[in-house]
Amino acid sequence: MSKRIQSYSIERQKARWGWIFVAPTLIFFSLFSFYPIFNAFYASLFRKKLLSLKPPDFIGFNNYSYLLKSPDFWNSIRATVVFTLGTFIPLLIFSLIFAIFIMSRKRFQNFFQMAYYSPAVLSSVVAAVIWLLIFDPRGLANQWVNFALNTPGIDHKWLASSVMVQISAMMVYFWKYVGYFTIIFIVGLASIPQSIYEASKIDGANDWKNFWYITLPLLKPTTILVSIMSMLQCLKTFSTQYLFTQGGAPLAPINVITLNIYHTAIRDHRIGRASAMSIILFIIMLFFTWLQFKFSRTDEVSY
Amino acid sequence: MDHKLERKKIKTSYQSLVIDIFIWVFLIFAALFILAPTIFMFTASLMPASDVVKMPYRWIPGGFYWQNYWQGIRGNDGSFIYIRNILNSLIVATVVSVSTVFLSALAGFGLAKYYFKGRALVFMMIMGTMMIPFEAIMIPLYLVTTKLGLQDSYAGLIAPFLVNAFGVFLMRQYFITFPDEILDAARIDGASELMIFKTIILPNSVPAIATLAILTFKAQWDNLLWPLLVVQSEEMKTIPLYIVKFMAEKHTDEGAMMAVAAIASIPILIVFFRLSKYFLGGAALYSSRKG
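Residue numbers (the numbering used here), protein chains in the order written: chain A, 20 to 322; chain B, 3 to 293.
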């Protein structure tokens with residue numbers, strides 16, 4: 020009897036230590052994640068100006084209805100969606116191709132992995148600054164494209180035309196992150212047991228059949244993970260677009276949501292409206308994260 | 003019959019050779035495309051501005067034009083503020099890394115090895131914060147920071163990043179396989195729970211700690227958005243803010259611009275080439291976070 024009581028109290032003591040270990044992190048997240056997101060929602064219901072001494076007016080969902088009618092906000096949605104689709108689809112396709120090609124080599128696997136990953140190591144500000152010079156009218160981008168297309172002396176207006184500046188931003192992002200997703204695909208490929216390929220070889224399958232009927236289906240969970248992760252990344256893009264506009268590119272074509280939030284809050288001082296935009300961004304990203312959880316649970320493969 | 007088989011064999015080996023060559027060429031071209039901008043940054047940083055934007059670009063610099071680096075460090079106004087800004091980045095990234103590793107290890111250990119009521123809920127709450135993007139809460143965080151008078155200070159730069167959910171998850175996954183028997187043996191020997199954490203857990207989790215520390219350091223070294231909000235003075239700027247400012251200034255020449263970018267990149271590239279397994283491993287770990 021006494022033994023049971025003793026072990027019970029040891030368990031209780033251990034439980035207390037569990038709480039003690041978790042407590043600092045839990046307090047941190049309450050202060051720096053949960054409180055701010057509720058606060059953002061609360062602030063989005065007010066007309067509130069930064070640095071203003073006037074108490075904020077409660078206006079209900081007016082900020083949201085204003086945004087839904089504002090062409091500027093819809094332009095931001097358009098810019099973000101175009102950027103996300105235009106970046107994540109090439110990212111997905113090329114990182115898969117790179118991973119399969121690298122894994123098919125017997126030598127230099129490590130060299131290619133490091134070479135492709137290296138831009139992800141540079142900071143996004145550095146990346147944008149380098150590409151600003153490459154996109155200069157006299158820069159490398161024009162030189163290469165004119166060489167490839169044999170059209171000497173043509174300026175493709177990488178940062179000036181509203182279509183090209185969007186493509187330029189996508190290229191920077193693609194360049195920076197393609198190696199990162201290649202690595203994730205390589206990990207996914209490496210986890211497919213070799214015995215499956217051996218079995219299919221005995222059955223007389225060729226490389227193409229192997230790829231189509233074994234590799235691709237078994238990579239489905241990794242593919243879904245990569246698509247949603249890259250999509251979430253693209254939705255949050257800020258640095259490239261910010262640097263481009265600082266370097267003289269037109270704002271409207273690349274005015275993504277995060278950039279618009281920043282401008283609305285810091286330049287225009289409209290805290291309520293910026294908070295409403297933050298909440299909309301949060302809901303969009305929540306939706307994609309929910310998708311990720313849903314797919315990653317139902318698509319667990321076992322070999 | 004035999005002949006036919008032979009011909010088919012030759013044909014497939016010829017085909018596979020063509021495919022083989024195609025893959026090599028593709029991979030090498032892609033590598034050149036991906037490496038070119040970084041090489042451009044380093045070569046351009048050693049050239050006078052007139053050579054940087056020149057048609058055609060000469061990939062091999064004529065000499066070591068060190069004035070670019072001097073100009074970059076000195077700044078256009080001669081204030082040498084870049085040195086202070088680099089120091090700021092180092093301080094912020096180091097403090098954030100240490101605190102993230104420590105708090106993540108603590109929480110990860112608590113979640114992996116202790117059974118307490120509400121543990122599942124706590125874990126879910128912490129993982130839930132991954133769904134809250136920083137971009138969505140930066141405005142309220144900014145308001146709180148200014149209200150507390152922490153804008154333009156180290157505390158303000160550091161506070162929102164003291165720990166993150168990914169770190170807690172990483173450490174928990176790492177500790178969960180740690181044998182309970184060792185911990186119990188230590189308890190029987192009279193070790194307190196804190197002692198166990200300090201003398202058994204921390205020394206035995208070096209790979210996980212290194213991965214998390216490097217990823218956190220790198221993220222802070224890059225951080226643009228938050229410093230852009232909270233920093234006002236030149237003295238408190240971090241490297242990304244200095245680069246933005248340097249780029250926007252009137253008298254900036256392209257060679258010096260690339261020198262400033264190169265200075266910001268060299269330390270992190272050295273760490274990458276020395277410790278690439280932690281970088282690549284970190285990317286891989288991210289993909290397993292669904293567990």
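Note that the Cβ used here is the ideal one computed from N, Cα and C, for glycine as well.
| Check | Outcome |
| --- | --- |
| Proximity winner among A:I276, A:L141, A:R66 and A:K239, relative to B:P135 (alpha-carbon distances) | A:I276 |
| First and last residue of the uninterrupted alpha helix (DSSP H) at A:G267 | That residue, A:G267, is in no alpha helix (DSSP H); it is neither H nor E in DSSP. |
| DSSP state of B:D191 mapped onto helix, strand, coil | coil |
| Sheet register partners of A:K68 (DSSP bridge) | A:R289 |
| Rounded straight-line distance, which links the Cα of A:S249 to that of B:R291 | With a pLDDT of only 44 at B:R291, under 50, the local geometry of the prediction cannot be trusted, and the value read off the model is given with reservation. Cα to Cα, B:R291 sits roughly 15 Å from A:S249. |
| Host alpha helix (DSSP H) of B:G112 (start-end) | I83 to K115 |
| Within 7 Å of chain B by C-beta, residues of the region 157-185 of chain A in sequence order | R157, G158, L159 and Q162 |
| Local Cβ density within 10 Å of A:A146, reported as buried at 16 or more and exposed below that | buried |
| Where the region 49-61 of chain A meets chain B: residues whose CB sits under 7 Å from a CB there | F51, S52, P55, I56, N58 and A59 |
| Residue-level contact to chain B via CB, A:L310, 8 Å cutoff | no |
| Reference A:V41, options B:I268, B:V94, B:V165 and B:T254, closest by Cα | B:V165 |
| Chain B contact residues for A:T234, given Cβ-Cβ distances below 8 Å | What A:T234 touches in chain B: nothing, since even the nearest Cβ is about 15 Å away. |
| Three-state class that DSSP yields for A:T77 in the structure shown | The sequence given here has Phe at residue 77 of chain A, not Thr. Reduced to three states, the DSSP call for A:F77 is strand. |
| Rounded separation between B:F104 and A:K67 - CA only | 38 Å |
| Beta-carbon proximity list for A:A98, same chain, < 7 Å, skipping 5 on both sides | P272, I273, N274 and V275 |
| B:L48 and B:P63 closer than 8 Å at C-beta | yes |
| Contacts around B:T131, its chain only, beta-carbon distance under 6 Å, and the 5 residues preceding and following it disregarded | A167 |
| A:Q265 to A:A188 span [Cα, whole Å] | 13 Å |
| Cβ distance (whole Å) where B:E2 is taken to contact B:R86 below 8 Å | With chain B running from 3 to 293 in the structure shown, residue 2 of chain B is simply not present. |
| A:L141 and B:T213 closer than 8 Å at C-beta | no |
| Closer than 8 Å to chain A by CB, B:V170 | yes |
| Contact list for A:S143 against chain B, beta-carbon separation under 9 Å | D224, L226 and P242 |
| Minimum Cβ-Cβ distance from A:T103 to chain B less than 8 Å | no |
| Where A:F120 meets chain B, residues with beta-carbon distance less than 7 Å | I25, F28 and L29 |
| Run of the alpha helix (DSSP H) containing B:I202, from where it starts to where it stops | That residue, B:I202, is in no alpha helix (DSSP H); it is neither H nor E in DSSP. |
| Neighbour-count burial assignment, B:L150, 16 or more Cβ in a 10 Å radius | exposed |
| Neighbour flag for B:M3 against chain A, beta carbons, 8 Å | Confidence in B:M3 is poor, its pLDDT being 49 and thus under 50, which makes the residue's placement too unreliable to answer from. |
| CB contact below 8 Å: A:F306 versus chain B | no |
| Sub-8 Å separation of A:F204 and A:T256 beta-carbons | no |
| Contacts of B:L204 in chain C (Cβ-Cβ under 7 Å) | Absent from the structure is chain C; the protein chains it does hold are A and B. |
| A:L152 and B:V233 closer than 8 Å at C-beta | no |
| Contact check, B:I216 vs B:F281, beta carbons under 8 Å | yes |
| Residue of A:S71, A:Y85 and A:A295 minimising C-alpha distance to A:P55 | A:A295 |
| Near-chain A residues of the region 178-210 of chain B (beta-carbon distance less than 7 Å), N- to C-terminal order | E195 |
| A:V100 at chain B interface by Cβ criterion, 8 Å | no |
| Meets three-Cβ-pair contact criterion under 8 Å: the region 170-181 of chain A and the region 266-282 of chain B | no |
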